[in-house]
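Chemist: Here you go, one structure.
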Ligand code: DI6
Ligand code: FE
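Numbering (my numbering), first residue to last: 6 to 412.
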């Protein structure tokens, strides 16, 4: 009847009206890599277990959709540990960036690093994420800042999915920082992004979306607008690093281009939030960067709630502002630092994270017809996923209907 049946666990379906979409003592049936049946175990067809090829016993724990990390810069060369020390000594992230360090120091290292070496360091970080029940990861370029090196990063990112049981969504972030060759000609660099890089990336089919860093130390709204217009011409959806360090009206700009998400948003205005609400743009909150940079201004969670803007949480895994390889830790920080509820935090790494990648209706909930990506956890309540710090209660990971991790 079914390829796989999961029983003996409580379901957090993350859909419907009940908290967590909970189904106590539930069951999930899987066929051809998709969920085909979800409900209370007592409603299962009588011979379901006998007629399923494989039965997974969740041992009384909770079963959730597999986690989605919807914002990472997972592929990079070199290290920025000396900047960490400089920041501890009082230097700010912006000062370091303006002095030619920051993102540009990773650009120098990434340009010089071979694809094999980039792949192997990224795999190490990816394995940390996967060990906590992640099965979908977004990975951005943006440390090449020239056509060949941006393509190199995207190829490496895509190749990770050949090496591990993970779905990789790639995002082209050519407008991450101004490369040194264009230090005196920012608009000429934007020309290059629009006229050469974007068409090359689209041609190679290497990106699922286009992102930019809209900030006073990066690109202006006018420059971002040109890049977004070109992305749309090429049929690519957009997202934006917006309002991380200052209010540049990036969220409203993102919404005007029907962006999948606007990310960071510590400084977003009420108008920006309203604009996002009108287009259904997801707010991707990144507490790792907030924490690591010692920021004090929190994203306006209450305004997002009021306007019904879906909130996602992600690691922002990168060597500078967020050297984070644990998405579960982001649940904890999302609650403790930003004031999310544990249920909002879990929705932020499942349902809403999927939506931030254009995968709503495909992943992020336990419902018939969704991809069978799910995790069983050794917890007595789903809020424990946000409550415990540094514990990894991940038991079984099922991806596309197959058990890829079991403990
Ligand atoms: N904002 C971030 O948090 C990352 N990129 C961005 O635009 C930081 C990237 C880095 O510092 O290397
Ligand atoms: Fe980022």
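Note that CB positions come from ideal geometry on N, CA and C, so glycine has one too. Note that the structure is predicted; figures quoted are calculated from it, not measured.
1. Within a Cβ cutoff of 7 Å, which residues of the same chain sit near residue 106, ignoring the five residues on either side of it in sequence?
2. Rounding to the nearest angstrom, what Cα-Cα distance links residue 101 and residue 392 in this structure?
3. So, helix, strand or coil for residue 143, using DSSP?
4. Pull up the distance between the alpha-carbon of residue 137 and that of residue 189, whole angstroms please.
5. Rank 224, 262 and 217 by C-alpha distance to the C-alpha of residue 238 and give the top, closest one.
6. How far does the alpha helix (DSSP H) with residue 233 in it reach, from first residue to last?
7. By the DSSP assignment, the beta strand (DSSP E) with residue 36 in it spans what residues?
8. Assign residue 324 to buried or exposed, taking buried as 16 or more other Cβ atoms, counted over all protein chains shown, within 10 Å of its Cβ.
9. Just to confirm my understanding: we take residue 373, look at its own chain, exclude 5 residues before and 5 after, and list those with CB closer than 7 Å. What are they?
10. For the pair the stretch 132-149 and the stretch 89-100, tell me if three or more CB-CB distances fall below 8 Å.
11. May I ask you to check if the CB of residue 386 is nearer than 7 Å to at least one heavy atom of ligand 1?
12. Residue 146: buried (16+ other C-beta within 10 angstroms of its C-beta) or exposed?
13. I need the boundaries of the alpha helix (DSSP H) containing residue 340, first residue and last residue.
14. Kindly confirm or deny that the stretch 266-278 and the stretch 240-249 touch, where touching means at least three C-beta pairs closer than 8 Å.
15. Is the beta carbon of residue 201 sitting closer than 8 Å to the one on residue 152?
16. Let me check one thing: in DSSP terms, what residues is residue 108 bridge-paired to?
17. Does the beta-carbon distance from residue 199 to residue 253 come in below 8 Å?
18. For residue 29, I'd like the list of residues in its chain whose CB is within less than 6 Å of its CB, leaving aside the five on either flank, ordered along the chain.
19. Could you give the DSSP three-state label for residue 99: helix, strand or coil?
20. Does the separation of the CB atoms of residue 267 and residue 286 fall below 8 Å?
21. For residue 177 versus residue 212, is the C-beta spacing smaller than 8 Å?
22. When you compare only the Cα positions, how much space is there between residue 66 and residue 180?
23. So with Cβ pairs under 8 Å, would you call residue 296 a contact of chain D?
24. Smallest Cα separation from residue 292: which of 81, 384 and 306?
25. Looking at the structure shown, is residue 123 part of a helix, part of a strand, or coil, going by DSSP?
26. Restricting to runs no shorter than 4 residues, where is the alpha helix (DSSP H) found entirely within the stretch 233-286?
27. Tell me, to the nearest whole angstrom, how far the beta carbon of residue 175 is from that of residue 162; I am working on the premise that it is less than 8 Å.
28. Assuming residue 158 is part of the alpha helix (DSSP H), what are its boundary residues?
29. Is residue 74 near ligand 2, in the sense that its beta carbon is under 7 Å from a heavy atom of that ligand?
30. Per DSSP, residue 89 is paired with what?
31. From 57, 118 and 76, pick the residue whose C-alpha is nearest to that of residue 83; which is it?
32. If contacts are defined as beta-carbon pairs under 8 Å, then residue 355 and residue 73 qualify, I think. What distance do you get, rounded to the angstrom?
33. Taking contact to mean at least 3 C-beta pairs separated by less than 8 Å, is the stretch 375-395 in contact with the stretch 46-56?
34. Can you check which of these residues, 156, 275, 338 and 129, is closest to residue 290 by C-alpha distance?
35. Any idea what DSSP makes of residue 217, helix, strand or coil?
Modeler: Answer, in terms of the structure:
1. Answer for residue 106: 88, listed in chain order.
2. If you take the alpha carbons of residue 101 and residue 392, they lie about 34 Å apart.
3. It is a strand residue.
4. The alpha-carbon atoms of residue 137 and residue 189 are separated by roughly 44 Å.
5. Comparing Cα positions, the closest option is 262.
6. Start and end: 226-238.
7. Note, residue 36: beta strand (DSSP E), 27-36.
8. Its Cβ being crowded by 16 or more others within 10 Å, residue 324 is buried.
9. Within the same chain, residue 373 has close Cβ partners 40, 41, 42 and 43.
10. The stretch 132-149 vs the stretch 89-100: no contact.
11. No, since every heavy atom of ligand 1 falls outside the 7 Å radius drawn around the Cβ of residue 386.
12. By the neighbour-count criterion, in which a residue is buried when 16 or more other Cβ atoms sit within 10 angstroms of its Cβ, residue 146 is buried.
13. For residue 340, the enclosing alpha helix (DSSP H) stretches over residues 332-341.
14. The stretch 266-278, when compared against the stretch 240-249, does touch it at the 8 Å Cβ threshold.
15. At the C-beta level, residue 201 and residue 152 come within 8 Å of one another.
16. Residue 108 has no beta-bridge partner at all, per DSSP.
17. Cβ distance not < 8 Å, so residue 199 and residue 253 don't count as in contact.
18. Within the same chain, 15 come within 6 Å of residue 29 by CB-CB distance, once the 5 residues on both sides are set aside.
19. Of the three classes helix, strand and coil, the one that applies to residue 99 here is helix, per DSSP.
20. Closer than 8 Å, so yes.
21. Taking C-beta atoms as the reference points, residue 177 and residue 212 count as a pair closer than 8 Å.
22. About 44 Å.
23. Among the chains of the structure shown, chain D does not appear; only one protein chain is present.
24. Nearest of 81, 384 and 306 to residue 292, Cα basis: 306.
25. Assigned with DSSP and collapsed to three states, residue 123 falls in helix.
26. Complete alpha helix (DSSP H) runs here, min 4: 255-261 and 275-284.
27. Confirmed, Cβ separation roughly 5 Å.
28. Residue range 152-168 is occupied by the alpha helix (DSSP H) that includes residue 158.
29. Taking non-hydrogen atoms of ligand 2 into account, the C-beta of residue 74 is found less than 7 Å away from none of them.
30. The partner list for residue 89 (beta bridge, DSSP) is empty, contrary to what the question assumes.
31. From the listed residues 57, 118 and 76, the smallest Cα separation to residue 83 is found for 118.
32. Yes, they are in contact, since the Cβ atoms of residue 355 and residue 73 sit about 6 Å apart, within 8 Å.
33. As far as the Cβ criterion goes, the stretch 375-395 does not touch the stretch 46-56, which means the pair count is below three.
34. Comparing Cα positions, the closest option is 338.
35. If DSSP states are grouped into helix, strand and coil, residue 217 belongs with the strands.
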